[in-house]
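So the protein sequences, as listed, match chains B and W. All letters in the first sequence, in the order written, are residues 1 to 276 by our numbering. All letters in the second sequence, in the order written, are residues 1001 to 1276 by our numbering.
2 protein chains.
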Amino acid sequence: MDSGDSLRAKFMEFPYASTQQRNLMVELLSSVETRLGPSLQSCTLPPDVQHFRNPTDTAHASLHLRSGLPSSQIDFILGGWIHCKLPSGGALNITSLSAYLKSSTDAPHFLLELIQSNPKSLVLILDLTPRKDLILYPDYLKTYYEDTQLDKHRQRLHMLPEVKPYFSPSLYIRAVVSPIAILVNIDVGDEEEANVEEIIRDHVGPVAKELLQFWLEECACLERGVGESEKGCLAGRDRIMKNKTIEVDLGSSFPRLFGGEVADRVLGVLKEYYNT
Amino acid sequence: MDSGDSLRAKFMEFPYASTQQRNLMVELLSSVETRLGPSLQSCTLPPDVQHFRNPTDTAHASLHLRSGLPSSQIDFILGGWIHCKLPSGGALNITSLSAYLKSSTDAPHFLLELIQSNPKSLVLILDLTPRKDLILYPDYLKTYYEDTQLDKHRQRLHMLPEVKPYFSPSLYIRAVVSPIAILVNIDVGDEEEANVEEIIRDHVGPVAKELLQFWLEECACLERGVGESEKGCLAGRDRIMKNKTIEVDLGSSFPRLFGGEVADRVLGVLKEYYNT
């Protein structure tokens, strides 16, 4: 049986990701572990949820989940990768990092997803997900999104000719993200000069690292003094958000990619963490 | 002194809008008046708020506001146009129609704005603005935005090569709109074949009319049985939303366009309607 360390090492290999996508994910995860490590438990997912594949061996995936210690503001950090051979001959490769905070703070969660279904294009979803209705709480909008000028990162990426806005087919995903969310499709087409790897290294990487750094310092590690009744509201909204995110993001694709049995096992375990 | 009828007639002239923009606005306003007329009071804005201009006569505007009768679900309907000569020689022309509902229903408000700063391009903002936090109320998202398949209208416009997503510089505007909101910049560039007028007539118009029709039938005229405590929540959220919308949309531009005195007078009167 694999030890925790070897399972983590296998996860951190990102064996199917492109070089730049792998480098970026390893760097982001290392930043999280360096800054938050002392506040996190080791991964307690069962080994067959840390690594799994479909019966026909065309789809592999790995998840790494570390819950926050009781004294910390971190609910959990979840990293993951999914690889799936496509009937067309190519492959779908997804890498992701999401980080949820407890209701002892109302600071935004962190969300990163890189979806690559061919070497010429990449979908990037990168956001600090709000914990409150931004209309009812304009001060929250001001504190985390306006005063911080985080929109400059989105603007920076949109200046590249290869970058187009990405509209998620899920209206829920469009609704859950913040107004500074980066949802883009990077498509280099048949141009020889530009390539996705360079764009990840020179543009996506720096933006993702800056947003993560902001999240680590200003969201995860700053105390906010949330009152008891507000904690209840945050916890309730977070519970709905997390369950809906699993349903929309993984619940719809996992049975198709990994078959019903594997999907049920993995989603069943994740839902326990999402609902504690 | 102008009578109500002649002030309304002057408003409905849309004297600075392009032919197609004027035709569309008149058609939309006529639809509203035909369907909701018996539920609406006449415009009670003071004449100098129904029509006003800046001291140097380079900016003209007209507003037409009709409140709902006490028995109706309509809070008020506000139509408007703004014309402002630009130092560059051109002109800025904005036409808008917004429709707010009372807290006796939780159905979305209606929002349309057409912003033309040169003959080659047009910004369109068209939405059914949600009344509730779509994360906390997933059934609301489903009822008004998913099951209705309203996103098809946005998709239809995005198929046109001249249509690009528009990102409002205001994060509040990005946050207040729904996930099916149409925020686009229509830019025909130097092409001879396409022109903005044809796109308004053939594409913007049909989409705006369909969304307004949906709003009239399924939002304004359908009863929803909202409980007393929910009414309080809706009224509170609406109050914040309306005041913030005035602040962001008009409060920032009116002093610049019309001078402080005119802006104060007009915004002062509007705020009374927005806060009853």
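Note that CB positions come from ideal geometry on N, CA and C, so glycine has one too. All values derive from a computational prediction rather than experimental measurement.
Subject >> Simplified DSSP state of B:Thr34, which is helix, strand or coil >> reply: Residue 34 of chain B sits at position 34 when you count from the first residue of the first sequence. In this structure, B:Thr34 counts as helix in the three-state DSSP scheme.
**OP:** Below 7 Å CB to CB, which residues in the same chain sit around W:Lys1132 once its five sequence neighbours on both sides are set aside?
**Re:** The residue labelled residue 1132 of chain W in the question sits at position 132 within the second sequence. Counting only Cβ-Cβ distances below 7 Å, and skipping sequence neighbours, we find Asp1106, Tyr1140.
Original post:
Count the other CB atoms within 10 Å of the CB of B:Pro130; is the residue buried (16 or more) or exposed (fewer)?
Top reply: Walking along the first sequence from the start, residue 130 of chain B turns up at place 130. That one is buried.
Original post:
With a Cβ-Cβ cutoff of 8 Å, do W:Ala1208 and W:Leu1028 count as a contact?
Top reply: The residue you call residue 1208 of chain W lines up with position 208 of the second sequence. The residue you call residue 1028 of chain W lines up with position 28 of the second sequence. Yes; because the gap between Cβ atoms is below 8 Å, this pair is in contact.
Original post:
Between the segment 1201 to 1219 of chain W and the segment 1031 to 1041 of chain W, are three or more C-beta pairs nearer than 8 Å?
Top reply: yes
Original post:
Tell me, which residues are paired with W:Pro1165 by DSSP?
Top reply: Taking the first residue of the second sequence as 1, we reach residue 1165 of chain W at position 165. DSSP, once it has assigned bridges, lists W:Val1184 as partnering W:Pro1165.
Subject >> Close Cβ partners of W:Arg1154 (< 7 Å) along its chain, the five nearest in sequence each way excluded >> reply: In the second sequence, counting from the first residue as 1, residue 1154 of chain W sits at position 154. Same-chain partners within the cutoff: Ile1180, Ile1182.
Original post:
Which chain B residues are close to W:Ala1175, counting only those with a beta carbon under 7 Å from its beta carbon?
Top reply: Position 175 of the second sequence, counting from 1, holds the residue named residue 1175 of chain W. Residues of chain B passing the Cβ test: Leu134, Ile135, Leu141, Pro179.
Subject >> First and last residue of the uninterrupted alpha helix (DSSP H) at B:Ile240 >> reply: On the first sequence, position 240 is the one that residue 240 of chain B refers to. Residues 228 to 245.
**OP:** List the residues of chain W that B:Asp151 touches, going by C-beta distances under 8 Å, in chain order.
**Re:** Position 151 of the first sequence, counting from 1, holds the residue named residue 151 of chain B. Chain W residues near B:Asp151: Leu1171.
**OP:** Keeping to the same chain, check which residues put their C-beta closer than 8 Å to that of W:Asn1243; ignore five residues upstream and five downstream.
**Re:** The residue you call residue 1243 of chain W lines up with position 243 of the second sequence. These residues qualify, in order along the chain: Lys1271, Tyr1274, Asn1275.
Original post:
B:Gln116 by DSSP, collapsed to three states: which one?
Top reply: Counting from 1 along the first sequence, the entry for residue 116 of chain B is found at position 116. Residue state, collapsed to three classes: strand.
Original post:
Using a C-beta cutoff of 8 Å, does B:Ile240 count as contacting chain W?
Top reply: Translated into the one-based positions of the first sequence, residue 240 of chain B becomes position 240. B:Ile240 counts as touching chain W.
Original post:
Between W:Gly1068 and W:Asp1075, is the Cβ-Cβ spacing less than 8 Å?
Top reply: For the purposes of this step, residue 1068 of chain W is taken as residue 68 along the second sequence, with counting starting at 1. For the purposes of this step, residue 1075 of chain W is taken as residue 75 along the second sequence, with counting starting at 1. Yes, Cβ-Cβ distance for W:Gly1068 and W:Asp1075 is below 8 Å.
Original post:
If you check the beta carbons only, do W:Lys1164 and W:Asp1187 fall under 8 Å apart?
Top reply: Here residue 1164 of chain W is taken as the residue at index 164 of the second sequence, counted from 1. Here residue 1187 of chain W is taken as the residue at index 187 of the second sequence, counted from 1. Contact flag set, yes.
**OP:** Closer than 7 Å by C-beta to W:Ala1235: which residues in its own chain qualify, once you throw out the five before and the five after it? Chain order, please.
**Re:** Counting from 1 along the second sequence, the entry for residue 1235 of chain W is found at position 235. Hits under 7 Å: Ser1103.
Original post:
Closer than 7 Å, Cβ to any Cβ of chain W: which residues of the segment 217 to 237 of chain B, in chain order?
Top reply: Arg237
Subject >> Coil, strand or helix - B:Asp48 by DSSP >> reply: Here the question's residue 48 of chain B lines up with position 48 in the first sequence. DSSP places B:Asp48 in helix when its eight states are reduced to three.
**OP:** With a threshold of 16 other CB atoms inside 10 Å of the CB of W:Met1241, please say whether the residue is buried or exposed.
**Re:** Taking the second sequence and counting its residues from 1, one reaches residue 1241 of chain W at position 241. Flag for W:Met1241 reads buried.
**OP:** Assign W:Met1159 to buried or exposed, taking buried as 16 or more other Cβ atoms, counted over all protein chains shown, within 10 Å of its Cβ.
**Re:** Here the question's residue 1159 of chain W lines up with position 159 in the second sequence. By the neighbour-count rule (16 or more Cβ atoms within 10 Å), W:Met1159 is not buried but exposed.
Original post:
So B:Tyr140 is in the alpha helix (DSSP H); what residue range does that whole segment cover?
Top reply: On the first sequence, position 140 is the one that residue 140 of chain B refers to. Its alpha helix (DSSP H) spans residues 138 to 141.
Subject >> Nearest neighbour of B:Leu111, chosen from B:Phe214, B:Leu134, B:Leu267 [CA to CA] >> reply: Mapped onto the first sequence, residue 111 of chain B falls at position 111. Comparing Cα positions, the closest option is B:Phe214.
Subject >> Residues of the segment 250 to 261 of chain B with Cβ closer than 8 Å to any Cβ of chain W, in chain order >> reply: none
Original post:
Who are the neighbours of B:Lys10 on chain W, taking C-beta pairs under 9 Å?
Top reply: Walking along the first sequence from the start, residue 10 of chain B turns up at place 10. By Cβ distance, chain W contributes nothing, its closest Cβ being about 35 Å from B:Lys10, past 9 Å.
Original post:
Relative to the alpha-carbon of W:Leu1097, which residue among W:Met1025, W:Glu1198, W:His1051 has its alpha-carbon at the smallest distance?
Top reply: Numbered from 1 along the second sequence, position 97 holds the residue referred to as residue 1097 of chain W. The shortest C-alpha separation from W:Leu1097 is found at W:Met1025.
**OP:** Inspect the CB distances between the segment 1051 to 1066 of chain W and the segment 1243 to 1261 of chain W and report whether three or more fall short of 8 Å.
**Re:** yes
Original post:
B:Ser178: buried (16+ other C-beta within 10 angstroms of its C-beta) or exposed?
Top reply: In the first sequence, counting from the first residue as 1, residue 178 of chain B sits at position 178. Buried, since its Cβ has 16 or more Cβ neighbours within 10 Å.
Original post:
Apart from the five residues on each side of it in sequence, which residues of its chain come closer than 7 Å, Cβ to Cβ, to W:Phe1254?
Top reply: Within the second sequence, numbered from 1, the residue matching residue 1254 of chain W stands at position 254. Taken in chain order, the residues that qualify are Ala1263, Val1266, Leu1267.
Subject >> Collapsed DSSP secondary structure at W:Lys1132 in the structure displayed >> reply: By one-based count along the second sequence, residue 1132 of chain W stands at place 132. It is coil, neither helix nor strand.
**OP:** Compute the Euclidean distance between the alpha carbons of B:Glu146 and W:Ser1006, then round it to the nearest angstrom.
**Re:** Residue mapping note: residue 146 of chain B aligns to position 146 of the first sequence, counting from 1. Residue mapping note: residue 1006 of chain W aligns to position 6 of the second sequence, counting from 1. Cα to Cα, the separation comes out at about 44 Å.
**OP:** For W:Gly1268, name the three-state secondary structure that DSSP assigns.
**Re:** Numbered from its first residue, the second sequence carries residue 1268 of chain W at position 268. DSSP places W:Gly1268 in helix when its eight states are reduced to three.
Original post:
Could one say the Cβ of B:Lys244 lies closer than 8 Å to chain W's Cβ atoms, at least one of them?
Top reply: As a first step, residue 244 of chain B must be located in the first sequence, where it is residue number 244. Cβ-Cβ to chain W under 8 Å: yes for B:Lys244.
Original post:
When the Cα atoms are used, what is the spatial distance from W:Thr1148 to B:Phe167?
Top reply: Working through the second sequence from its first residue, we reach residue 1148 of chain W at position 148. Working through the first sequence from its first residue, we reach residue 167 of chain B at position 167. If I take the Cα positions, the gap works out to 18 Å.
Subject >> Interface residues of chain B facing W:Pro950 [CB-CB closer than 8 Å] >> reply: Shown here, chain W extends from 1001 to 1276; a query on residue 950 of chain W therefore has no answer.
**OP:** Within the same chain, show all residues whose beta-carbon is closer than 7 Å to that of B:Asp151, passing over the 5 residues directly before and after it, in chain order.
**Re:** Residue 151 of chain B sits at position 151 when you count from the first residue of the first sequence. Answer for B:Asp151: Ile180, listed in chain order.
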